[in-house]
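Okay, structure first, notes after.
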Amino acid sequence: MSDDLRSAPSAADAQAVPGSAEATAAQAPDALAPEPAEPDRDPASLAPGALWDGDAGALPRDTRRAIVRLVQGPYLSAERQPDLWNALMSDEAVVQRHLADMFLALVIDRETGLAFVRNADDPTGAAPSVVRTMPLTFIDTALLLHLRTLLLRVPAAGQRAFVDREELLDHLRVYRPRTSTDESGFDKRVSASVSKMLKASLLRETSVGERYEISPILALVFGPDEVAAVAREYRRMLGDDAGAEGPAAAGAGAEGSDPDDADGAADPDEEDQ
1 MSDDLRSAPS AADAQAVPGS AEATAAQAPD ALAPEPAEPD RDPASLAPGA
51 LWDGDAGALP RDTRRAIVRL VQGPYLSAER QPDLWNALMS DEAVVQRHLA
101 DMFLALVIDR ETGLAFVRNA DDPTGAAPSV VRTMPLTFID TALLLHLRTL
151 LLRVPAAGQR AFVDREELLD HLRVYRPRTS TDESGFDKRV SASVSKMLKA
201 SLLRETSVGE RYEISPILAL VFGPDEVAAV AREYRRMLGD DAGAEGPAAA
251 GAGAEGSDPD DADGAADPDE EDQ
């Protein structure tokens with residue numbers, strides 16, 4: 001504690017001088033005592049739907065919280081937020097209207113118990129972009145396509161998909177520049193991409209070190225149209241960077257197949273057919 005704080009006398013230590021304002025206050029404490037706090041307003045006296053005095057809202061608390069969760073992202077989970085999920089199911093239509101007023105569209109997958117929002121598809125192009133987009137590097141794009149392929153390989157709906165960091169490194173090393181000898185530097189770039197997927201909740205950490213669960217939201221966020229767009233951008237980047245960041249060892253595969261199929265995965269444009 002600083003000397004200034006130690007040397008300052010407290011109100012309890014200071015003696016009142018008879019006849020002073022302090023003494024008067026001590027003799028008549030009610031005269032200067034703060035007014036008691038106003039008691040809580042009777043809920044019956046609040047406006048319909050209001051949660052507190054002056055609240056202009058009309059939705060139940062959990063429904064409002066569900067909307068906030070959807071807007072904050074990345075998604076709402078029936079497993080992790082059951083109260084909010086139940087509120088969403090009860091008030092789905094009104095939630096959709098509130099989100100539409102914010103230029104957002106609601107996407108719900110009841111089978112997986114996941115919901116998220118995306119920017120409204122305004123054909124005029126005048127709607128603002130509300131949901132943040134995640135810029136993708138070449139490695140990010142290759143990683144996303146691989147994760148989605150692994151997710152779609154899960155044999156039954158509801159089963160969880162897992163992947164080890166080393167498996168991701170092994171898969172992506174095929175895209176290391178064939179002229180580069182900096183394997184450590186490339187692995188750091190892959191690790192940075194994995195961290196980006198964790199931050200975006202597309203990967204989830206597990207109790208086992210460097211083992212991750214692939215979030216089922218990935219299959220919803222990246223539907224066939226999105227995968228096709230990402231795959232096209234991926235191929236464009238691969239062509240632009242062919243000399244600097246092309247697959248190692250002619251790495252698109254021994255038979256010269258498409259680079260997307262380096263691990264034997266289906267072509268992203270075809271896997272949802």
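For what it's worth, UniProt numbering labels the leading residue of the sequence shown as 1, then goes sequentially. By construction, the Cβ of each residue, glycine as well, lies at the ideal position given by its N, Cα and C atoms. Note that the coordinates shown come from a computational prediction; the quantities given were computed from them, not determined experimentally.
Of the residues the options, the one placed nearest residue i, counting alpha carbons only
i: E92; options: E79, V190, L70 and P74; result: L70
i: Y175; options: L143, G73 and P128; result: L143
i: R64; options: N86, R80 and P74; result: N86
i: F186; options: I139, L152 and L150; result: I139
i: L172; options: R160, R189, F162 and A156; result: R189
i: L152; options: F222, V94 and D122; result: F222
i: A115; options: V68, P155, V154 and T124; result: V68
i: G113; options: R80, P123, D101 and Q96; result: R80
i: D122; options: A105, K196 and R110; result: A105
Test item: CB-CB of residue i and residue j under 8 Å
i: R148; j: V227; result: yes
i: I217; j: L203; result: no
i: D83; j: D55; result: no
i: D170; j: R211; result: no
i: L220; j: V107; result: yes
i: F103; j: A78; result: no
i: L76; j: L88; result: yes
i: T133; j: E233; result: no
i: P74; j: A200; result: yes
i: L145; j: A231; result: yes
i: V94; j: L136; result: no
Simplified DSSP assignment, three categories, for residue i
i: K188; result: helix
i: E79; result: coil
i: R236; result: helix
i: L203; result: strand
i: L136; result: coil
i: W85; result: helix
i: D267; result: Because the pLDDT at D267 is just 36, under 50, the model does not fix this residue reliably, and the point stays unresolved.
i: A50; result: coil
i: S129; result: coil
i: V227; result: helix
i: R61; result: helix
i: V208; result: coil
i: M197; result: helix
i: R173; result: helix
i: R69; result: helix
i: V154; result: coil
Contact belief for residue i with residue j at Cβ below 8 Å, rounded distance in angstroms
i: L168; j: V208; result: Between V208 and L168 the Cβ distance is about 14 Å, and since that is not below 8 Å, they are no contact.
i: A127; j: I214; result: No, A127 and I214 are not in contact; Cβ-Cβ is about 31 Å, not under 8 Å.
i: G57; j: A66; result: Actually they are not in contact, since the Cβ atoms of G57 and A66 sit about 13 Å apart, beyond 8 Å.
Residues bridged to residue i (per DSSP)
i: V107; result: F116
i: F162; result: E213
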